[in-house]
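Below you'll find the structure, written out as structure tokens, and then a few comments.
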Amino acid sequence: MTKTEARSKHSSHAEFIDRIRYELSGIESEGLTKPERVISSHQGPEVIVDGEAALNFCANNYLGLAGDPRVAQAAIEAIEERGSGLASVRFICGTLDLHKRLERATADWLGYDDAILFAAAFDANGGVFEPLLGAQDAIVSDSLNHASIIDGVRLSKAKRYRFANADMVDLEAQLKAAREDGARTVLIATDGVFSMDGIIAPLDEIAALGERYGALVMVDDCHATGLIGPGGRGSGPFKGVGDKIDILTGTYGKALGGAMGGFICAAQPVIDLLRQRARPYLFSNALAPAVCGSALKAIEIAASDEGDALRSQLAENAAHFRGAMDREGFELLGADHAIVPVLLGDAAQAQRMAARLVENGIFVTGFSFPVVPRGQARIRVQLSAAHTPGQIDQAVAAFVEARAALA
Ligand SMILES: *Cc1c(COP(=O)(O)O)cnc(C)c1O
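With my numbering, the residue at position 12 of the sequence shown is 12, and numbering never jumps.
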């Protein structure tokens, strides 16, 4: 008897498990099951996935720092010097010198008074709205914002307004509505980069509308920090409005070493209040020393001349892939970013094509509902500064082969 069978002697448990199985079979029959593929190597352009060597084109490893031995070594040193973890939240006995250093390095680099760390950017977005905005306030949120912003907005008591993705006419209409409804503080919330589409938010126009309607701007720059804009400082600086972004959230789990951990940057009193009230900060364990060590090293590299060289290489690699795929007649989304989504439409087709590519040694993932709208399934290719031109050509050739094989 399995453990589940033993428990299922209670009929309520058996009914519950049946319902869950039914839901799973629905996902399966729609072709929407997301498989997990197992990597048994370092993360990087070349990985061992499900036991086979493959070129990796689906990591958020934009600068190649996730596999960088210097970043790994910094994590090892942090463990040697401060151990594996704190067994405490920050305010009880969980604050290390390393946390303070990482907050300072993040804030100084990105141009803010201070930063506050979270276990993940998901938590940063989950914790940022509720303490800062009350029922008298309004959040005007882009319709394609990341799930963690949507959840964070739900947790706050602020009145919600939604504008169509990057649509400035709609944003203005929603800002007007928020003002007419008498909102005290109005906050525009947007991803800096929409990762499913590979587009950068029009933050220059958003900031201008923010100014016109007296609204603050919050940007989640998870797919931008380290790789976009002057010095890798993100999508605000890329659009020339870095100083108009009031609240910035980001991750150490993508370009900045790829371990994990999130942050919020803002004016000092905002960070001070978040330290007192942000629930994922108050009620969750302090970041592990290894994560602080690797993130500090990754910021040091990203903010340096070497970071500039990595960003040029990344831009070159993205242009190489985009140009070659375009010439082969694939329908591509996005612009100005290392995310190049290849639009396929049908979810099952995207899944089959991704599977074929993986069989042929190109590791990519098909994205379908609910991650993207129904009927707009795609394979999202992500370039890294660590890819070679030869590897990029191999990926393009594999796309051409898979299209022919599945036609
Ligand atoms: C990846 C991502 C997150 C979540 O980051 P984690 O640090 O992995 O929790 C949040 N927002 C956006 C826009 C992201 O792309």
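Ideal placement from N, C-alpha and C gives every residue a C-beta, glycine not left out.
Since the model is a prediction, treat every value here as computed from it, not as a measurement.
Rounded distance between the beta-carbons of V340 and V381, thought under 8 angstroms = 5 angstroms
Compute every distance between the C-beta of D191 and the non-hydrogen atoms of ligand 1, then say whether any falls below 7 angstroms.
-> yes
Y161 - partner residues in DSSP beta bridges = Y161 is bridged by DSSP to V140.
Between the segment 225–241 and the segment 109–129, do at least 3 Cβ pairs fall closer than 8 angstroms?
-> yes
Spell out a yes or no on whether the segment 40–47 and the segment 56–69 are touching, meaning 3 or more CB-CB pairs, one atom from each, closer than 8 angstroms.
-> yes
Report yes if the CB atom of V422 is closer than 8 angstroms to the CB atom of T249, and no otherwise.
-> No answer is possible for residue 422: it lies beyond the span of the chain, which begins at 1 and ends at 407.
DSSP-derived helix/strand/coil call for D97 = helix
C-alpha distance - G258 paired with N60, whole-angstrom precision = 8 angstroms
Should D243 be counted as a contact of ligand 1 given a C-beta to heavy atom distance under 7 angstroms?
-> no
Runs of alpha helix (DSSP H) wholly within the segment 22–104 (minimum 4 residues, chain order) = 69–82
Cβ of S148 within 7 angstroms of any heavy atom in ligand 1?
-> Yes - ligand 1 has a heavy atom lying nearer than 7 angstroms to the Cβ of S148.
Give a single yes or no on whether G345 has its beta carbon closer than 7 angstroms to a heavy atom of ligand 1.
-> No; taking the cut-off as 7 angstroms, the Cβ of G345 has no heavy atom of ligand 1 nearer than that.
Tell me whether R311 is buried or exposed, calling it buried when 16 or more other Cβ atoms sit within 10 Å of its Cβ.
-> buried
Per DSSP, which one or two residues make a beta bridge with P341?
-> R380
Terminal residues of the continuous beta strand (DSSP E) containing T251?
-> Start and end: I247 to T251.
For D336, which of helix, strand or coil comes out of DSSP?
-> coil
Where A224 sits in the DSSP three-state scheme = Coil at A224, not helix or strand.
Going by the C-beta, is D108 closer than 7 angstroms to any heavy atom of ligand 1?
-> no
Cβ of N360 within 8 angstroms of Cβ of E401?
-> yes
Keeping to the same chain, check which residues put their C-beta closer than 8 angstroms to that of K159; ignore five residues upstream and five downstream.
-> A135, D137, A138, I139, A178, D181 and A183
A355 versus T33 - alpha carbon distance | Rounded to whole angstroms, A355 to T33 spans 13 angstroms at the Cα level.
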